[in-house]
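Visitor: First, the structure itself, so that you have it in front of you.
Numbering (this note's numbering), first residue to last: -12 to 151.
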């Protein structure tokens, strides 16, 4: 199996789905638009969760750092997730801020599936587990920077958007 070719194709598919979503967002609001947007967003999440992310994990071993780095202390999530806290300490405040900024930039005023946002961020930080991005989305929601509905620990069953 040529995992790299499959991975490249899955990235292209994700880009096409994102362009389709952008085009749909420019259409007049209505039930048809809402149904089509939801379908595209679900498809994009499934591509990320079931295809692209497993391929990225298969192409490299992902494990949390053994010890905290010497960089600046980042804001902890306070959620008690030890693996997440280890990653936050090892990355440092500046790197976590960049990750948070990317997650916030990927949000819109429309509800988007949390798995889709996390999957997009994984492409920029492939060494981090998807659970790290789920924890960051939870932290951003607690900080009032995102509005969430559903259980963010179940990313396929939750959505986020910018605060209205």
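C-beta: ideal position from N, C-alpha, C; glycine also.
Buried or exposed: residue 9, going by 16 or more other Cβ atoms within 10 Å of its Cβ?
Guide: Walking along the chain shown from the start, residue 9 turns up at place 22. Its Cβ having fewer than 16 others within 10 Å, residue 9 is exposed.
Visitor: Spatial neighbours of residue 87 within its chain, please: C-beta separation below 7 angstroms, excluding the five flanking residues on both sides.
Guide: Taking the first residue of the chain shown as position 1, residue 87 is located at position 100. Same-chain partners within the cutoff: 123, 127.
Visitor: Here's a check: name, in chain order, each residue in its chain whose Cβ is nearer than 7 angstroms to the Cβ of residue 111, leaving out the five neighbours to either side.
Guide: Within the chain shown, residue 111 is the residue found at index 124, counting from 1. Only 89 meet the Cβ criterion.
Visitor: Determine the burial state of residue 116: buried for a count of at least 16 other Cβ atoms within 10 Å of its Cβ, exposed for fewer.
Guide: To locate residue 116, count along the chain shown from 1; it is residue 129. Buried.
Visitor: Need the endpoints of the beta strand (DSSP E) that residue 133 sits in, please.
Guide: What you label residue 133 is simply residue 146 of the chain shown in a count that begins at 1. That run of the beta strand (DSSP E) goes 133 to 137.
Visitor: Which partner residues of residue 145 appear in the DSSP bridge assignment?
Guide: The residue given as residue 145 occupies position 158 in the chain shown. Bridge partners of residue 145: 137.
Visitor: With burial defined as no fewer than 16 other Cβ atoms inside 10 Å of the residue's Cβ, what is the status of residue 142: buried or exposed?
Guide: Within the chain shown, numbered from 1, the residue matching residue 142 stands at position 155. Result: buried.
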